[in-house]
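Numbering (the working numbering), first residue to last: 3 to 287.
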Ligand SMILES: [Zn+2]
């Protein structure tokens with residue numbers, strides 16, 4: 003099973019008079035979509051009752067949920083108080099995800115700040131291990147934690163780092179943001195071979211279920227010499243990457259990822275376009 007859906011709600015969803023996320027699932031179902039990522043980017047501010055209403059509607063329309071943990075989490079911090087807060091934000095995301103029936107929590111590992119890359123990465127590893135231990139102590143095993151590939155060079159989250167983190171524990175599933183890889187590689191993803199190299203690495207170095215049913219973020223993206231500048235839409239064809247060559251590779255390899263579209267404003271429409279491209283590719287194969 004392959005899943006397509008948006009991160010958050012499209013502008014058109016609100017323009018059509020909808021106000022609440024629980025209304026999104028019938029709407030997405032009508033577009034042929036079956037995934038949705040709920041953002042806690044600016045903080046976990048969702049009560050249990052609202053989360054359960056989302057769970058009920060998503061289940062009714064067969065939409066698979068994931069959540070995105072707060073953007074300000076930085077597991078590379080050397081401040082013990084900040085570290086404790088970071089752990090709390092991630093655990094809050096897990097709690098709210100479970101209320102919602104979401105099985106995946108995507109997060110950004112952190113940025114280098116004044117640290118050397120290796121130092122920052124070691125901190126992230128230690129913090130993440132600590133968080134996994136806490137989940138274990140709380141007997142929470144039904145949520146996968148997904149470190150994301152990041153768009154700026156000074157952020158922790160290139161392919162090697164995300165794979166190395168995932169090796170810490172089976173509960174860690176890679177969130178491959180292809181827009182981010184394209185941006186941090188200063189336009190790295192152009193040909194089918196470029197995408198194949200990413201998927202080969204995943205297969206070779208992680209393998210198994212996690213190289214088949216991983217998490218994907220996709221959008222066209224604008225970048226500078228430092229990497230990511232801003233997410234664009236599928237209409238902004240002057241910016242890469244293009245989804246078509248990735249679709250060919252997904253079909254060829256029989257992969258079953260969850261693909262979340264992060265286009266700016268048209269995330270649901272572009273997710274439907276990704277699905278259309280994928281279906282068309284599959285028919286031709
Ligand atoms: Zn993200």
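Backbone N, C-alpha and C fix where the C-beta goes; we use that ideal spot for every residue, glycine too. On a predicted model such as this, the values are computed, not experimentally measured, just so you know.
What is the rounded straight-line gap between the Cα of residue i and the Cα of residue j?
i: residue 171; j: residue 129; result: 13 angstroms
i: residue 70; j: residue 26; result: 17 angstroms
i: residue 251; j: residue 89; result: 36 angstroms
i: residue 220; j: residue 263; result: 5 angstroms
i: residue 147; j: residue 176; result: 8 angstroms
i: residue 17; j: residue 210; result: 42 angstroms
i: residue 112; j: residue 149; result: 10 angstroms
i: residue 285; j: residue 275; result: 15 angstroms
i: residue 169; j: residue 19; result: 45 angstroms
i: residue 9; j: residue 105; result: 15 angstroms
i: residue 118; j: residue 34; result: 45 angstroms
i: residue 30; j: residue 143; result: 29 angstroms
i: residue 28; j: residue 138; result: 35 angstroms
i: residue 227; j: residue 239; result: 20 angstroms
i: residue 77; j: residue 236; result: 32 angstroms
On the premise that residue j lies in contact with residue i, defined as a C-beta separation below 8 angstroms, what is that separation, rounded to the nearest angstrom?
i: residue 260; j: residue 60; result: Actually they are not in contact, since the Cβ atoms of residue 260 and residue 60 sit about 13 angstroms apart, beyond 8 angstroms.
i: residue 191; j: residue 243; result: 4 angstroms
i: residue 43; j: residue 24; result: Wrong, their Cβ atoms sit about 19 angstroms apart, outside the cutoff.
i: residue 249; j: residue 6; result: At roughly 11 angstroms, the Cβ-Cβ gap does not stay under 8 angstroms, so residue 249 and residue 6 are not in contact.
i: residue 123; j: residue 163; result: 6 angstroms
i: residue 140; j: residue 101; result: Contact flag wrong, Cβ pair sits at about 15 angstroms.
Ends of the alpha helix (DSSP H) at residue i?
i: residue 47; result: Residue 47 -> no alpha helix (DSSP H), and no H or E assigned at all.
i: residue 7; result: Run containing residue 7: none in the alpha helix (DSSP H); it sits in the beta strand (DSSP E), 5-8.
i: residue 133; result: 119-139
i: residue 103; result: First-last for residue 103: undefined, no H or E at that position.
i: residue 14; result: 13-17
i: residue 237; result: First-last for residue 237: undefined, no H or E at that position.
Closest to residue i by CA distance: which of the options is it?
i: residue 225; options: 189, 209 and 205; result: 189
i: residue 258; options: 201, 275, 162 and 233; result: 201
i: residue 91; options: 117, 55 and 136; result: 136
i: residue 254; options: 283, 179 and 30; result: 283
i: residue 308; options: 132, 122 and 50; result: Beyond the ends of the chain as shown, which are 3 and 287, falls residue 308; an answer cannot be given.
i: residue 180; options: 145, 157 and 217; result: 217
i: residue 64; options: 161, 53 and 32; result: 32
i: residue 120; options: 101, 214, 157 and 100; result: 157
i: residue 116; options: 287, 81, 208 and 55; result: 81
Starting from the C-beta of residue i, find all residues in its chain whose C-beta is less than 6 angstroms away, skip the five residues before and the five after it, and write them out in chain order.
i: residue 153; result: 182, 185, 186, 229 and 230
i: residue 46; result: 94, 95 and 98
i: residue 232; result: 224
i: residue 79; result: 85
i: residue 48; result: 98
i: residue 215; result: 258
Take residue i and list the residues in its own chain whose beta-carbon comes closer than 7 angstroms to its own, dropping the five residues that flank it on each side.
i: residue 247; result: 193, 194 and 197
i: residue 103; result: 57, 60, 61 and 67
Residue i lies in the beta strand (DSSP E); which residues open and close that run?
i: residue 147; result: 146-149
i: residue 66; result: 66-70
i: residue 231; result: 229-233
If you drop the 5 nearest sequence neighbours on each side, which residues of the same chain put their C-beta closer than 8 angstroms to that of residue i?
i: residue 368; result: A question about residue 368 goes unanswered here, because the residues of the chain that appear run from 3 up to 287.
i: residue 234; result: 221, 222, 223, 224, 241, 265 and 266
i: residue 167; result: 111, 126, 127, 130, 149 and 174
i: residue 3; result: 258
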